[in-house]
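Going line by line, the protein sequences match chains X and V. Position one of the first sequence corresponds to residue -4 (this note's numbering), numbered consecutively onward. Position one of the second sequence corresponds to residue -4 (this note's numbering), numbered consecutively onward. Notes follow once the structure below has been shown.
Protein chains: 2
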Amino acid sequence: MKENKDMANINDVAKLANVSKGTVSNVFSNKRPISDEVKDRVFKASKQLGYTPNHIARSLVTKKTMTIGLKIPYSKNLTLSSFHTNLITGVISEAAKRNYRVLIDTIAQDDVGIPHLTTDPIDGVIILDPKQNDERISFLQELNTPFVVIGKPQNLNVNEAVPYVDNNNEEMVFEVTNSLLQKGHEHILFLNAPETMTVSHDRKAGFVGAFERNNLPYRNEDNHFEPSIYDDPNKYGYETVYEKFNQENGTPYTAMIVDTDKVALGALRALRELNINVPNDVSLIALSDDLVLSHDTDPQLTTVDLAASSLGAESVKLLFRNMEGESERLNHRVIVPAKLNERASVVNRSNEKH
Amino acid sequence: MKENKDMANINDVAKLANVSKGTVSNVFSNKRPISDEVKDRVFKASKQLGYTPNHIARSLVTKKTMTIGLKIPYSKNLTLSSFHTNLITGVISEAAKRNYRVLIDTIAQDDVGIPHLTTDPIDGVIILDPKQNDERISFLQELNTPFVVIGKPQNLNVNEAVPYVDNNNEEMVFEVTNSLLQKGHEHILFLNAPETMTVSHDRKAGFVGAFERNNLPYRNEDNHFEPSIYDDPNKYGYETVYEKFNQENGTPYTAMIVDTDKVALGALRALRELNINVPNDVSLIALSDDLVLSHDTDPQLTTVDLAASSLGAESVKLLFRNMEGESERLNHRVIVPAKLNERASVVNRSNEKH
DNA sequence: TTGTACGCGTTATCAA
DNA sequence: TTGATAACGCGTACAA
């Protein structure tokens, strides 16, 4: 009965079971066949001593931790959106299929550029919210740590292909914008993500492209990047809409595309206060991931489902391909298509008797 | 230029900088003062070789991983609710304050009883959703791993005090029920959590207690435990309400308390289809954590905020007190009060002209 | 500061 | 085939 004593180790078990260290090791790792009789002795001794193989010592020699990292940057306080939640779920579930677990590591935006003082106890890492010339990417390449980016990396200083998983952002916003233009909306406001995020440029390209395709004039102020001052997306939606729509001479836009579900909620609130009806006065589409939420707004929100869970799962798959060293021959890029869910917040103006 | 070679280790650096291993170690860990000149040599050599201290080797000797585990059981597929999300946020943020990170470990409900084959590379662990006689608790005690339970553990086979963090569930449901009774609701339906979860019994006690206090009859069918068949809480709310309220002779209840926000959404949907108005026909209160959601239902939902983020943060604080060995003298129990947010989904029947 | 034992498994290599 | 032996991985800590 060694109670408060330190845990038993492999030597104690070997001694008690009258076998060697190596045999105990093989019993637990199944690397070599062991006779049932010996196995039994070892298990009995282990149970008696309360022995469990030490994960750390094992990792030291196998160089596997059975863990992948997930690096989530945050701006001021950590707040996980439903996009994050779904993405994390996808990562965890896919990792679990391979008996891997997920180490969540949050970093303040300001610290993104600072290298870690020690290597992480992980076999690979998924990084979120890549910024232009994101220094995390060069660090990881130096350390030779397998990694995958969620979102489109734009590192000009890196010549190798960076593996990443992303939505078809340009195409997705093109399609959404195009469908609005086809429905007779000529003035569309886009509340885009912050300019520092690479995704915002793809989306802007799709937005502008749709106007060009339809031979309609695009004005630069129609694309509105989120200013960095906001840490509350709801507030961003509310204040921006209030500012843009609080005008004497009618509503300047007949449709809006907004970055996230939370921005949409803020926008809805502002429009309600301004007595602007959705969808009759203004149609609204959110690039969103919270399907529960969108069903329970009034009106039900037309959204683009970003399939965050798939993004997470695909990033794990790609990461494992990298970890297995197949990276050279494989696609470095996985595109997860977004899906338009049409609900009640969009109206067709062509049919209207305006 | 050792590129594809293995990473440099402490010996390589020591050799190149012309110092001993120990000195290099101290330069990185700051355990002993080192002259600036030597420090500089070491840093230069490290940079040249791309050396970073190996976290695993360090853990092996310090016996610290700077990581805490978070064990989340799931029933069928892993789905993280907003309660989980907030809780995780609280855990991560509080851990980050101490330079700790969080290893998320999900376990299928069915596997809760199966011991792990190796010790986890963590310094302590937080476990969620304790069940009656949860075997994880005895395992952790055997392994001497510091742990904290979120929710009330009920292990009859364990005599020691189990440290846990919980809401004041009995009191909270008592208050909520009491306030409804005071408002003239005599028939209240409680869609409780599954009977297997310890929390459901505390809540039932508060529910029943409020009837007793008000000298009103409590009927056993008024407390409805969630059957284990559901893995979708929305469906649970929808189907149960449909079944209970789809009757010829008027609505059998004038008020409902439901377990989570998602159950509330399902309940709202069913009531809408049954043409039962909330709150005029039936008042509704959700034991919920999603403040965004509750603002955007129609009507806005009266909820009890479970303060999941605080639950997470407090559990980390308690865990650290345990890890520092102070457990003997300290409180093993932290209660995080829930907070009633009154909104539009509850009506006062005493004032009505019924 | 330096040298060196140490922690705890794994994995050749060798022996039976 | 199975079992035993010894070297190894990578820092830390303590005596010299």
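Yeah, the Cβ is synthetic: ideal placement off N, Cα and C, and Gly gets one too.
- In the DSSP assignment, X:N218 is bridged to X:F185.
- DSSP places X:N81 in no beta strand (DSSP E) but in the uninterrupted alpha helix (DSSP H) bounded by 77 to 92.
- In the three-state DSSP reduction, V:Q295 falls in the coil class, being neither helix nor strand.
- Distance from the Cα of V:D161 is smallest, within the candidate group V:L176, V:E221, V:I145, V:V168, for V:I145.
- With fewer than 16 other Cβ atoms inside 10 Å of its own Cβ, V:T191 counts as exposed.
- Using a Cβ-Cβ distance cut-off of 8 angstroms, the stretch 168 to 185 of chain X and the stretch 240 to 258 of chain X are in contact, since at least three pairs of beta carbons, one from each stretch, lie closer than that value.
- For the options V:Q43, V:P28, V:I63, the alpha carbon positioned closest to that of V:A308 is the one of V:I63.
- The bridge partners DSSP lists for X:N244 come to none.
- The Cβ neighbour count for X:K126, taken over all protein chains shown within 10 Å, is at least 16; the residue is labelled buried.
- Burial check for X:S278: the Cβ neighbour count within 10 Å reaches 16 or more, so the residue is buried.
- Using a Cβ-Cβ cut-off of 9 angstroms, X:N21 is close to nothing in chain V; its nearest Cβ partner there is about 14 angstroms away.
- Residue-level contact check: X:N49 touches chain V, since one or more beta carbons of chain V fall below 7 angstroms from its beta carbon.
- V:A12 is not a Cβ neighbour of V:L44, given a cutoff of 7 angstroms.
- Judged by their CB atoms, X:I117 and V:P116 are not nearer to each other than the 7 angstroms cut-off.
- Of V:L282, V:S283, V:P294, V:K39, the smallest CA-CA separation from V:D276 is found for V:P294.
- Comparing C-alpha distances from V:R208 to each of V:N173, V:I330, V:V299 shows the shortest one belongs to V:N173.
- If only complete runs of 4 or more residues are kept, the stretch 223 to 270 of chain V shows the alpha helix (DSSP H) at 228 to 240, 256 to 268, in order along the chain.
- The DSSP-derived three-state label of V:N275 is coil.
- Not a single CB atom of chain V sits nearer than 7 angstroms to the CB of X:T235.
- Against chain X, the CB of V:D100 has a partner CB under 7 angstroms away; the residue lies at that interface.
- Taking 8 angstroms as the upper bound for CB-CB distance, X:G201 and X:E165 are in contact here, some 4 angstroms apart.
- At a Cβ-Cβ threshold of 7 angstroms, X:K66 and X:D105 do not count as neighbours.
- Rounded to whole angstroms, the gap between the alpha carbons of V:A40 and X:S88 is 41 angstroms.
- Scanning X:S70, X:V311, X:L176, X:I83 for the CA closest to the CA of X:V341 turns up X:L176.
- Listed in chain order, the positions of the stretch 132 to 145 of chain V with a beta carbon within less than 8 angstroms of a beta carbon of chain X are E137, L138, N139.
- For the stretch 113 to 130 of chain V, the set of positions with a beta-carbon nearer than 7 angstroms to some beta-carbon of chain X reads T113, T114, D115, P116 in chain order.
- Counting only Cβ-Cβ distances below 9 angstroms, X:R96 has contacts in chain V at G64, L98, I99, D100, T101, D115, in chain order.
- At a cut-off of 7 angstroms, the C-beta of V:I29 has no neighbouring C-beta in chain X.
- For V:G45, the neighbours in chain X by C-beta distance under 9 angstroms run, in chain order, E137, L138, N139.
- Relative to the Cα of V:V194, the nearest Cα in the group V:Y237, V:D254, V:P28 belongs to V:D254.
- For V:N336, the enclosing beta strand (DSSP E) covers residues 334 to 336.
- The beta carbons of V:N187 and V:F240 sit no closer together than 7 angstroms.
- For a cut-off of 8 angstroms, the C-beta gap from X:N317 to X:G119 is around 7 angstroms, short enough to register as a contact.
- Here V:A303 is near V:N81, since their CB atoms are less than 7 angstroms apart.
- The beta-carbon distance between X:V273 and X:L263, rounded to whole angstroms, is 6 angstroms. This is short enough to meet the 8 angstroms contact definition.
- Counting along the chain, X:V37 sits inside the alpha helix (DSSP H) bounded by residues 31 to 44.
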